[in-house]
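Novice: When the sequence shown is numbered by the numbering used here, its final residue is 599 and no position is left out of the sequence of numbers.
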Amino acid sequence: MLKPYKRAQLQFEQVREIGSDGRNSTTWVVNDVQLGAEIVMKTIAKSTLRSVTEFFDEAKALYATAHQNVVQIHYACEDRENVFVAMPLYRRGSVKGMMAAGHLTTREVVRLGCQVLSGLHNIHSKGLIHFDIKPDNILLSNRGEALLADFGLAKQMQLGTARPNGLYVRMAPPEATTTQSFDLRFDIYQIGLTLYRMTIGNDAFDQQFSRFEDRSGAIDRTTLAREILAGSFPDRQAFDEHVPTKLRRVIVGCLEPDRNDRYDSALDVANALAAVEECLDWRLEPRALDKTWVKNEMGTTKRFTLAADGSTLFTTATNGGAPRRKTELCRARMTRREIEGVFKKN
Numbered sequence: 254m255l256k257p258y259k260r261a262q263l264q265f266e267q268v269r270e271i272g273s274d275g276r277n278s279t280t281w282v283v284n285d286v287q288l289g290a291e292i293v294m295k296t297i298a299k300s301t302l303r304s305v306t307e308f309f310d311e312a313k314a315l316y317a318t319a320h321q322n323v324v325q326i327h328y329a330c331e332d333r334e335n336v337f338v339a340m341p342l343y344r345r346g347s348v349k350g351m352m353a354a355g356h357l358t359t360r361e362v363v364r365l366g367c368q369v370l371s372g373l374h375n376i377h378s379k380g381l382i383h384f385d386i387k388p389d390n391i392l393l394s395n396r397g398e399a400l401l402a403d404f405g406l407a408k409q410m411q412l413g414t415a416r417p418n419g420l421y422v423r424m425a426p427p428e429a430t431t432t433q434s435f436d437l438r439f440d441i442y443q444i445g446l447t448l449y450r451m452t453i454g455n456d457a458f459d460q461q462f463s464r465f466e467d468r469s470g471a472i473d474r475t476t477l478a479r480e481i482l483a484g485s486f487p488d489r490q491a492f493d494e495h496v497p498t499k500l501r502r503v504i505v506g507c508l509e510p511d512r513n514d515r516y517d518s519a520l521d522v523a524n525a526l527a528a529v530e531e532c533l534d535w536r537l538e539p540r541a542l543d544k545t546w547v548k549n550e551m552g553t554t555k556r557f558t559l560a561a562d563g564s565t566l567f568t569t570a571t572n573g574g575a576p577r578r579k580t581e582l583c584r585a586r587m588t589r590r591e592i593e594g595v596f597k598k599n
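1. For Ala471, which of helix, strand or coil comes out of DSSP?
2. Could you please give me the residues that DSSP links to Met340 through a beta bridge?
3. Assuming the contact rule is C-beta atoms closer than 8 Å, Thr452 and Ile504 should be a hit. Round their C-beta distance to whole Å, please.
4. Can you round the beta-carbon distance between Ala339 and Ile292 to whole angstroms, since I take them to be within the 8 Å contact cut?
5. When the Cβ atoms of the region 422-431 are set against those of the region 322-330, are three or more pairs found closer than 8 Å?
6. Within this structure, are the beta carbons of Thr359 and Cys532 separated by less than 8 Å?
7. Where Met352 and Ala457 are concerned, what is the direct C-alpha to C-alpha distance, given to the nearest angstrom?
8. Which same chain residues, not among the five before or five after Pro484, have their C-beta less than 6 Å away from its C-beta?
9. Just the C-alpha distance for Arg396 and Arg577, rounded to the nearest angstrom, thanks.
10. Since Thr569 and Thr558 are thought to touch, with beta carbons under 8 Å apart, how far apart are those beta carbons, to the nearest angstrom?
11. Hey, is the region 393-410 in contact with the region 463-474, meaning 3+ C-beta pairs nearer than 8 Å?
12. Given that a residue counts as buried once 16 or more other Cβ atoms are within 10 Å of its Cβ, and exposed if not, what is Gly244?
13. In whole angstroms, give me the CA-to-CA distance for Pro487 and Leu365.
14. Going by the beta-carbon positions, is the gap between Val282 and Phe265 smaller than 8 Å?
15. Consider the Cβ of Glu266: report whether some Cβ of chain D lies at a distance smaller than 8 Å.
16. Apart from the five residues just before and just after Ser434, which ones in its own chain have a Cβ nearer than 6 Å to its Cβ?
17. Return the CA-CA distance between Thr279 and Phe596, expressed in angstroms with no decimal places.
18. Measuring only the C-alpha atoms, how far is Phe309 from Thr476?
19. Scan the region 486-559 and note each continuous alpha helix (DSSP H) run of 4 residues or more that stays entirely inside, going in chain order.
20. What residue range is occupied by the uninterrupted alpha helix (DSSP H) comprising Glu361?
21. Using the Cα positions of Glu307 and Ala290, report the straight-line distance between them to the nearest angstrom.
22. When burial is assigned at 16 or more other CB atoms within 10 Å of the CB, is Val336 buried or exposed?
23. If you draw a straight line from the C-alpha of Ile592 to the C-alpha of Pro341, how long is it?
24. With the cut-off set at 8 Å, would you say Phe439 and Ile481 are in Cβ contact?
25. Since Ser347 sits in a beta bridge, which residues does DSSP pair it with?
26. The alpha helix (DSSP H) with Leu448 in it runs from where to where?
27. Identify which residue in Ser518, Thr553, Ser304, Ala541 has its Cα closest to the Cα of Asp534.
28. Cβ atoms of Ser371 and Leu437: under 8 Å apart, would you say?
Dropping the structure here:
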């Protein structure tokens with residue numbers, strides 16, 4: 254006896270748009286009428302999909318990944334023109350929003366990085382490549398933990414490689430300029446570039462990328478590709494003085510132009526990142542003519558300023574009291590190595 258599929262009607266009310274990649278999808282906060290709750294709904298035009306069946310196969314694979322650092326799918330459905338993917342609503346936003354509020358400390362980069370790498374390792378173990386890792390796609394749970402999100406470009410590997418339906422140029426690895434099939438090291442490059450952006454700040458990264466854009470926003474892809482292949486973009490020397498050497502090495506190791514020189518797995522990156530133990534809590538304040546870092550430690554606020562003329566000022570203040578100068582660190586000039594030493598020893 255045949256048992257035909259049953260179709261049911263789903264109702265939801267769009268509340269506000271929270272994301273759009275400008276091509277084939279939009280993301281909304283919606284009110285699910287049946288659940289009486291606000292959730293996130295991603296809408297993808299069927300006309301842009303290579304195969305709707307393939308899309309749902311990949312959605313099934315993602316649903317099966319269930320991991321504390323991967324955004325879980327509630328359900329997926331379709332109408333005549335679109336497919337819909339429903340997910341939880343996380344009100345703390347994304348890592349990109351966190352970066353917009355101020356520079357991250359090394360401790361925050363390490364903690365969030367290790368969490369998202371745990372989720373990435375899980376989806377890799379299921380044979381999926383994400384293909385779209387960036388600060389926008391790392392959400393923050395209600396407890397502030399990193400969650401890997403937006404699997405719109407994710408693909409199941411066949412014989413160790415996969416081919417995405419699209420690429421985000423700002424996060425494209427060197428091999429994207431020479432081939433169309435990729436392995437897991439595509440994601441390793443993108444996680445490295447994400448950690449890079451978390452470390453130097455989005456403004457500094459955008460300033461680097463602006464060299465490849467004209468006034469209309471068109472990208473000089475030829476020059477961009479040449480510099481990515483040469484390893485001159487992004488600038489591996491752009492780290493601020495408080496960023497410890499171990500963290501720089503992890504990031505640069507992910508960004509190697511030759512994918513054979515990169516880390517082999519997300520787990521390898523996570524292990525290397527977890528070994529970063531220096532300069533964890535210094536925070537660079539919003540940029541001005543001078544550079545100032547602040548660190549709060551058991552009621553004591555430490556402040557170190559590198560002025561535009563090269564002079565330095567180090568002060569401490571306990572329990573909100575008047576700041577006191579640390580004379581040996583207040584100089585007319587310091588070398589970069591000496592400045593880096595300040596963060597290691599204080």
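For each residue, glycine too, the CB sits at the ideal point set by N, CA and C.
Everything numeric in this text was worked out from a predicted model, so none of it was measured.
Specialist: By the coordinates alone:
1. Here the question's residue 471 lines up with position 218 in the sequence shown. Reduced to three states, the DSSP call for Ala471 is coil.
2. Here residue 340 is taken as the residue at index 87 of the sequence shown, counted from 1. Its beta-bridge partners are Val293.
3. Looking up residue 452 in the sequence shown gives position 199. Looking up residue 504 in the sequence shown gives position 251. That pair is a contact at about 7 Å.
4. Along the sequence shown, one-based indexing puts residue 339 at 86. Along the sequence shown, one-based indexing puts residue 292 at 39. The pair is a contact, with the Cβ atoms about 5 Å apart (cut-off 8 Å).
5. no
6. On the sequence shown, residue 359 is found 106 positions in, with the first residue counted as 1. On the sequence shown, residue 532 is found 279 positions in, with the first residue counted as 1. Cβ distance < 8 Å, so Thr359 and Cys532 count as in contact.
7. Locating residue 352 in the sequence shown gives position 99, where the first residue counts as 1. Locating residue 457 in the sequence shown gives position 204, where the first residue counts as 1. Whole-angstrom Cα-Cα distance: 12 Å.
8. Taking the sequence shown and counting its residues from 1, the one referred to as residue 484 is at position 231. The amino acid occupying residue 484 in the given sequence is Gly; Pro does not appear at that position. Pro510.
9. Start at 1 with the first residue of the sequence shown, and residue 396 comes out as number 143. Start at 1 with the first residue of the sequence shown, and residue 577 comes out as number 324. About 36 Å.
10. Translated into the one-based positions of the sequence shown, residue 569 becomes position 316. Translated into the one-based positions of the sequence shown, residue 558 becomes position 305. At roughly 13 Å, the Cβ-Cβ gap does not stay under 8 Å, so Thr569 and Thr558 are not in contact.
11. no
12. Here the chain has residues from 254 to 599 only, and residue 244 is not among them.
13. Locating residue 487 in the sequence shown gives position 234, where the first residue counts as 1. Locating residue 365 in the sequence shown gives position 112, where the first residue counts as 1. Their backbone Cα atoms lie some 21 Å apart in a straight line.
14. Here the question's residue 282 lines up with position 29 in the sequence shown. Here the question's residue 265 lines up with position 12 in the sequence shown. Not closer than 8 Å, so no.
15. Although the question refers to chain D, the structure presented lacks it and comprises just one protein chain.
16. Within the sequence shown, residue 434 is the residue found at index 181, counting from 1. If we look at Ser434 and ignore the five residues flanking it on each side, its Cβ neighbours are Thr414, Arg416.
17. As a first step, residue 279 must be located in the sequence shown, where it is residue number 26. As a first step, residue 596 must be located in the sequence shown, where it is residue number 343. Roughly 43 Å between the two C-alpha positions.
18. Within the sequence shown, residue 309 is the residue found at index 56, counting from 1. Within the sequence shown, residue 476 is the residue found at index 223, counting from 1. The alpha-carbon atoms of Phe309 and Thr476 are separated by roughly 37 Å.
19. 498-507, 519-527
20. The residue you call residue 361 lines up with position 108 of the sequence shown. Run containing Glu361: 359-378, per the alpha helix (DSSP H) assignment.
21. Taking the sequence shown and counting its residues from 1, one reaches residue 307 at position 54. Taking the sequence shown and counting its residues from 1, one reaches residue 290 at position 37. So the alpha carbons of these two residues sit roughly 29 Å apart.
22. The count along the sequence shown starts at 1 and reaches residue 336 at position 83. That one is buried.
23. Your numbering for residue 592 matches position 339 in the sequence shown. Your numbering for residue 341 matches position 88 in the sequence shown. C-alpha separation (whole angstroms): 44 Å.
24. Translated into the one-based positions of the sequence shown, residue 439 becomes position 186. Translated into the one-based positions of the sequence shown, residue 481 becomes position 228. It is not a contact, given that the beta carbons lie outside the stated cut-off.
25. Counting from one through the sequence shown, the residue named residue 347 turns up at place 94. The partner list for Ser347 (beta bridge, DSSP) reads Leu392.
26. Taking the first residue of the sequence shown as 1, we reach residue 448 at position 195. Taken as a continuous stretch (DSSP letters only), the alpha helix (DSSP H) holding Leu448 covers 438-453.
27. As a working note, residue 534 is residue 281 in the sequence shown. Checked all of Ser518, Thr553, Ser304, Ala541; the closest Cα to Asp534 is Thr553.
28. On the sequence shown, position 184 is the one that residue 437 refers to. On the sequence shown, position 118 is the one that residue 371 refers to. No, the Cβ-Cβ distance between Leu437 and Ser371 is not below 8 Å.
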